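What follows is a single structure, written as structure tokens, with notes after it.
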Amino acid sequence: MNRIFFGLLFFSLIALNSCKGTKSVTESGVKRLSAEKIIANHYNRSFNFETLNTKVKVKYDDGKQSFSPIATLRLEKDKRIWVSVKMLGITLAKALITPEKVSYYEKINSTYFEGDFRLLSEWLGTDLDFKKVQQMLLGQALFNLRDDKYKSSITNQSYQLQPKTELALFERLFLVRPDTFKMAQQKLKQPSENRDLTIYYKTYQKVGNQEFPKEIHIEALQDKGKTTIEIEYKTVDYNAKVSFPFKIPSGYKQVTIQ
């Protein structure tokens, strides 16, 4: 049960058959660009904000159990991510992610967790930190694309970016939308551990004059099975004054995530 709540809280944390968005691209309308130009445009179109206050619908399924809660997700850029999960109007769990640690508690079993990102990384099968979780939720590349050299091509009406030299532990593949230069898909594989994480950005929406994800689908494959998490942003408010209330109730039992 703790694993289920952990997954729901970090949906960190993350389209089954489509990468189409709110703006269409014609079959012959994708202009060839260098990898450097694609990457520059991707970062030039980053969502500009200081705070976010959103309502999201989450669908979680690990093959054994499934849940569909409503959550409030708040971000303070580069500082903290706060999540409150509800079902039937009742708060079931809260989480607070900072660059230093991950904390959460859930009410059904009266348990809590405080620790670093290693457990979350193990659960989704890739090396995660605060920055990667934040970027994932915003439709930006998990890795800093400016740190490596990439080769570009056109695949499925999207720009495909693949590293010229792959990391020792990971295989990375990125699909970038040609209309907005936001992520259409991110795929990370860890062959030695038989892990595969794919993040699909099914649709985007306009928030102000900027592109922001509308629907995100996360699929994590490991030896122990398959986990899918679907996120739909129902409302998005940015640069509003927000609070991040978080206090682990007394009497709760500390747990570790296996």
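Residue 1 is where the sequence shown starts when you use our numbering, and the numbers rise one by one after that.
Just so you know, even glycine gets a beta-carbon here, dropped at the ideal spot from N, CA and C.
Bear in mind the structure is a predicted one, so any value in this text is a computation, not a measurement.
So what does DSSP say about P213, is it helix, strand or coil? strand
As assigned by DSSP and simplified to three states, the class of V284: The structure shown has nothing for residue 284, since the chain only spans 1 to 258.
Report the option in K79, T54, E100 whose CA atom is closest to the CA atom of V85. T54
Among the candidates Y105, A240, R195, K101, whose CA atom is the shortest distance from the CA of V133? K101
Nearest-angstrom Cα distance between K151 and T72? 38 angstroms
Integer-rounded CB distance, given that M136 should sit under 8 angstroms from L145: With 8 angstroms as the limit, L145 and M136 do not qualify as a contact, their Cβ atoms being about 14 angstroms apart.
How would you label Y43, buried or exposed, when you count the other beta carbons within 10 angstroms and need 16 or more for buried? exposed
The alpha helix (DSSP H) with N41 in it runs from where to where? 35–44
Taking DSSP as the reference, what is the three-state secondary structure of S153? strand
Counting along the chain, where does the beta strand (DSSP E) carrying V85 start and finish? 80–87
I need the straight-line Cα distance from A184 to E230, nearest angstrom please. 15 angstroms
Can you tell me the Cα-Cα spacing of I38 and Q205, whole angstroms? 21 angstroms
Do three or more CB pairs link the stretch 147–167 to the stretch 197–216 at distances below 8 angstroms? no
According to DSSP, simplified to helix, strand and coil, what is E106? strand
Please classify R32: is it buried, with 16 or more other beta-carbons within 10 angstroms of its beta-carbon, or exposed? exposed
Under the three-state DSSP convention, the category L142 falls into: coil
When the distance is taken between beta carbons, is L188 closer than 9 angstroms to L219? The displayed chain sequence assigns Glu, not Leu, to residue 219. No; because the gap between Cβ atoms is not below 9 angstroms, this pair is not in contact.
Going along the chain, which residues of its own chain have a beta-carbon closer than 6 angstroms to the beta-carbon of L175, five neighbours each way excluded? S158, Q160, A184, Q185
Sort out for me which residues DSSP pairs A184 with in a bridge. Answer is none; A184 lacks a bridge partner.
Quick check: what's the CA-CA separation for Q333 versus I216? Nothing can be reported for residue 333, as the shown portion of the chain is limited to 1 through 258.
Are there 16 or more other CB atoms within 10 angstroms of the CB of P178, so buried, or fewer, so exposed? buried
Between which two residues does the beta strand (DSSP E) harbouring F174 extend? 171–176
Using DSSP bridges, identify the partner residues of Q160. S153, L175
Spell out the partners DSSP gives F113 in its beta bridges. Y104
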